[in-house]
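Down below is the structure, laid out as structure tokens.
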Amino acid sequence: MTDKKETPTIIIDDDKPGQERFETLKEKLRYRQALRENSKKIDHKQIRLNIQADALPSKTFFIMNALAAVIAAYGLLSDSTAVVIGAMLVAMMLGPIAGISLALIDSRWILFKTAFQTLALGIIMIYGIGFLIGLIHPNIAITNEILARTHPNSLDLMIALAGGAAGAFASVSPRLSVAVVGVAVATALVPPLVASGLLLSRAEFSLSANAFLLTFTNIIAIQVSSSMVLWIAGFRRGSNEEVKSKYLEFVKRNWISLIILLILAVYLTFNLLYTVQNELYKSRVSDQLGQKLNTETNIIDTIQFDTHPEFTLARVFIRGVEPPSTNQIDELNRTLIPDRKGHPTYLQIRFISIQIIQTKPTKIVPLNTTNTEKPSIKILKKQDES
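First residue of the sequence shown: 778, per the working numbering; consecutive thereafter.
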């Protein structure tokens, strides 16, 4: 039976219709309906059932994640960001992580066991698909999309924390779709996990471990932030101390995850500092080399840095007419700044000769060798700048 107090009623005087007044009343009615819709309370019972259902090892979970792994693998191998994003649209990795979060704050160990098993099986399946596809295509070079997931740092940790919070908030909000936010969360899990499998198939153990570390970091961060959102939303059971000390109780129930998160945060912060210092070192060396080696007839194409235990080798590819002399290289070896470990930086030149071929003199480019070389190099510089 509908409560008359909560049901808005519009009374119209037939003698005085008043169209403008009638429209105003309709707008007020719509506004009140919108307020009621926006202020719906959280249905804790239904949300618990939804999270528990998503944490089960269903056929849908394995099929969709297997397809996401295949799409992600070929997107990574083809160095296509668009294809990798397509893999994110079908991944379903948020469910078991949300189940673990709910199990911890509700002290439901049967749910924890089920969600953990589902997550572990999903990880093994996705990792295995990445490894098998890597074995099928051993001749495809490691792409930038793969390498981009082999340098985890604290920025990745912050992204995962925000993604997990968004996913948990969507799961408890009656007006948001958890599937949409689940796509964003899946972006942090499936591609690095597949990348780790691909790298393992190439025996790139260090890079594979780093990609898996990124996946593990994202899982822990998503779980902790999901637990925090669910706890704030009132999901807590099984303790007599929760009223006296809400935050302390949250820490007690998530202490293992929080300790792991703290360790990861420290390690990844050092990773970020190392990356920043390394990029600054490379930038400064590149500036030094550019000032000395870029001339009217020569231009630096690329610079590669190869780190050795006792020194760093700067491998410089130059296009031009006249190669640098050994005296220039010796002078640069003495003046180049040391690497971040204090070891010397040595220079190695790989020279690509440019030949000018003409059939007869022209008004634009004369046959004089010196005059011919200079404008050609200027054109190359303009092309690189553009």
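Where is the CB? At the ideal position from N, CA and C, for every residue including glycine. All figures in this text were calculated on a predicted structure; none of them were measured in a lab.
When the Cα atoms are used, what is the spatial distance from glycine 863 to glycine 911? Here residue 863 refers to the residue found at position 86 of the sequence shown. Here residue 911 refers to the residue found at position 134 of the sequence shown. If I take the Cα positions, the gap works out to 19 Å.
For the beta strand (DSSP E) containing isoleucine 1009, list its first residue and its last residue. For the purposes of this step, residue 1009 is identified with residue 232 of the sequence shown, where counting begins at 1. Taken as a continuous stretch (DSSP letters only), isoleucine 1009 belongs to no beta strand (DSSP E), being part of the alpha helix (DSSP H) at 982-1009.
Uninterrupted beta strand (DSSP E) stretches inside the segment 879-946 (no shorter than 3 residues): As for any beta strand (DSSP E) of minimum length 3 sitting wholly inside the segment 879-946, there is none.
Segment contact, 8 Å Cβ cut-off, at least three pairs: the segment 1062-1080 with the segment 1102-1117: Taking a cut-off of 8 Å for Cβ pairs, the segment 1062-1080 and the segment 1102-1117 touch, as three or more such pairs fall below it.
Should alanine 918 be labelled buried (16 or more other beta-carbon atoms within 10 Å of its own) or exposed? Within the sequence shown, residue 918 is the residue found at index 141, counting from 1. It counts as exposed.
Straight-line gap, methionine 841 to proline 834 (C-alpha atoms, nearest Å): As a first step, residue 841 must be located in the sequence shown, where it is residue number 64. As a first step, residue 834 must be located in the sequence shown, where it is residue number 57. One C-alpha to the other measures close to 12 Å.
First and last residue of the uninterrupted alpha helix (DSSP H) at isoleucine 862: By 1-based counting over the sequence shown, the position of residue 862 is 85. From DSSP, the alpha helix (DSSP H) with isoleucine 862 extends over 858-865.
By the three-class DSSP mapping on this structure, what secondary structure does asparagine 1075 have? Within the sequence shown, numbered from 1, the residue matching residue 1075 stands at position 298. Residue state, collapsed to three classes: strand.
Tell me the rounded alpha-carbon separation between histidine 914 and leucine 826. Counted from its first residue, the sequence shown places residue 914 at position 137. Counted from its first residue, the sequence shown places residue 826 at position 49. Taking the Cα positions, histidine 914 is about 42 Å away from leucine 826.
Tell me, please, which residues DSSP counts as bridged to phenylalanine 1027. Here residue 1027 refers to the residue found at position 250 when the sequence shown is read from its first residue. Under DSSP, no beta-bridge partner is assigned to phenylalanine 1027.
Classify threonine 1102 as buried or exposed, calling it buried when 16 or more other Cβ atoms lie within 10 Å of its own Cβ. If you number the sequence shown from 1, residue 1102 lands on position 325. Going by the sequence as given, residue 1102 is serine instead of threonine. Looking at its Cβ environment, which holds fewer than 16 other Cβ atoms inside 10 Å, serine 1102 is exposed.
Could you tell me which of Val1006, Gln1105 and Thr1079 sits nearest to valine 1093, measuring between CA atoms? The residue given as residue 1093 occupies position 316 in the sequence shown. Ranking Val1006, Gln1105 and Thr1079 by Cα distance to valine 1093 puts Thr1079 first.
Extract the residue ranges of the alpha helix (DSSP H) inside the segment 1057-1111, only unbroken runs of 4 or more that lie entirely within it. Qualifying alpha helix (DSSP H) stretches: none in this window.
Sort out for me which residues DSSP pairs isoleucine 1126 with in a bridge. Here residue 1126 refers to the residue found at position 349 of the sequence shown. According to DSSP, which records beta bridges pairwise, isoleucine 1126 is partnered with Val1093.
When DSSP labels each residue in this structure, what does glutamine 823 get in the three-state scheme? By one-based count along the sequence shown, residue 823 stands at place 46. Per DSSP, reduced to three states, the secondary structure at glutamine 823 is helical.
Of the residues Met870, Asn930 and Ser1004, which one's Cα is nearest the Cα of leucine 844? Along the sequence shown, read from residue 1 onward, the residue named residue 844 stands at position 67. It is Met870 whose Cα lies nearest to the Cα of leucine 844.
Considering only the alpha carbon of each residue, which of Thr1074, Val949 and Thr927 lies closest to leucine 734? This structure leaves residue 734 out entirely; the chain is present only between 778 and 1163.
Which of the three DSSP states is assigned to proline 1121 in this structure? Start at 1 with the first residue of the sequence shown, and residue 1121 comes out as number 344. Three-state result, proline 1121: coil.
Extent of the continuous alpha helix (DSSP H) to which isoleucine 848 belongs: Residue 848 sits at position 71 when you count from the first residue of the sequence shown. It spans 836-854 - the alpha helix (DSSP H) in which isoleucine 848 sits, taken as one unbroken run.
Quick one: what does DSSP say glutamine 1054 is sitting in, helix, strand or coil? Here residue 1054 corresponds to residue number 277 of the sequence shown, with the count starting at 1. Of the three classes helix, strand and coil, the one that applies to glutamine 1054 here is helix, per DSSP.
Quick check on glutamine 1132: does DSSP put it in helix, strand or coil? Your numbering for residue 1132 matches position 355 in the sequence shown. In the structure shown, glutamine 1132 sits in coil (DSSP, three-state: anything other than H, G, I, E or B).
Assigned exposure category for glutamine 829 - 16 Cβ within 10 Å defines buried: Here residue 829 is taken as the residue at index 52 of the sequence shown, counted from 1. The Cβ neighbour count for glutamine 829, taken over all protein chains shown within 10 Å, is at least 16; the residue is labelled buried.
What is the rounded straight-line gap between the Cα of glycine 1011 and the Cα of lysine 822? Here the question's residue 1011 lines up with position 234 in the sequence shown. Here the question's residue 822 lines up with position 45 in the sequence shown. Glycine 1011 and lysine 822 have their C-alpha atoms some 11 Å from each other.
Can you tell me whether DSSP reads alanine 868 as helix, strand or coil? As a working mapping, residue 868 is identified with position 91 in the sequence shown. Correct three-state label for alanine 868: coil.
Which residue's Cα is closest to the Cα of threonine 895: Ala875, Ile824, Glu1099 and Asn1075? Position 118 of the sequence shown, counted from the first residue, corresponds to residue 895. Out of Ala875, Ile824, Glu1099 and Asn1075, Ala875 has the C-alpha closest to the C-alpha of threonine 895.
For leucine 833, which of helix, strand or coil comes out of DSSP? Taking the first residue of the sequence shown as 1, we reach residue 833 at position 56. If DSSP states are grouped into helix, strand and coil, leucine 833 belongs with coil.
Three-state class that DSSP yields for lysine 1021 in the structure shown: The sequence position of residue 1021 within the sequence shown is 244, counting from 1. Confidence in lysine 1021 is poor, its pLDDT being 46 and thus under 50, which makes the residue's placement unreliable; the coordinate value appears in the next sentence. Residue state, collapsed to three classes: coil.
Indicate the three-state DSSP secondary structure (helix, strand or coil) for leucine 977 in the structure shown. Sequence index remark: in the sequence shown, residue 977 carries index 200 (1-based). The answer is helix: DSSP assigns leucine 977 an H, G or I state.
Just the C-alpha distance for threonine 1089 and tyrosine 1051, rounded to the nearest angstrom, thanks. The residue given as residue 1089 occupies position 312 in the sequence shown. The residue given as residue 1051 occupies position 274 in the sequence shown. If I take the Cα positions, the gap works out to 15 Å.
Could you check whether proline 968 and alanine 849 sit closer than 8 Å to each other, using their CB atoms as the reference points? Against the sequence shown, residue 849 aligns to sequence position 72. Against the sequence shown, residue 968 aligns to sequence position 191. With respect to proline 968, alanine 849 sits close: the two C-beta atoms are nearer than 8 Å.
Checking 8 Å against the spacing of the C-beta atoms, do isoleucine 882 and arginine 1013 come in under that value? Taking the sequence shown and counting its residues from 1, the one referred to as residue 882 is at position 105. Taking the sequence shown and counting its residues from 1, the one referred to as residue 1013 is at position 236. Taking 8 Å as the cut-off, the beta carbon of isoleucine 882 is found closer than this to the beta carbon of arginine 1013.
Apart from the five residues on each side of it in sequence, which residues of its chain come closer than 7 Å, Cβ to Cβ, to proline 929? By one-based count along the sequence shown, residue 929 stands at place 152. Correct list, in chain order: Asn987, Leu990, Leu991, Thr994, Leu1045 and Asn1048.
Within the 8 Å Cβ cut-off, does isoleucine 901 reach chain D? No chain D appears in the structure shown, which is made up of a single protein chain.
In angstroms with no decimal places, state the Cα-to-Cα distance between serine 1016 and glutamate 1087. Position 239 of the sequence shown, counted from the start, is the residue given in the question as residue 1016. Position 310 of the sequence shown, counted from the start, is the residue given in the question as residue 1087. A caution first: serine 1016 carries a pLDDT of 46, below 50, which makes its placement in the model unreliable, though a value can still be read off. Rounded to the nearest angstrom, the gap between the Cα atoms of serine 1016 and glutamate 1087 is 58 Å.
Is the distance from the Cβ of alanine 937 to the Cβ of isoleucine 999 below 8 Å? Here residue 937 refers to the residue found at position 160 of the sequence shown. Here residue 999 refers to the residue found at position 222 of the sequence shown. With contacts defined as CB atoms closer than 8 Å, alanine 937 and isoleucine 999 qualify as a contacting pair.
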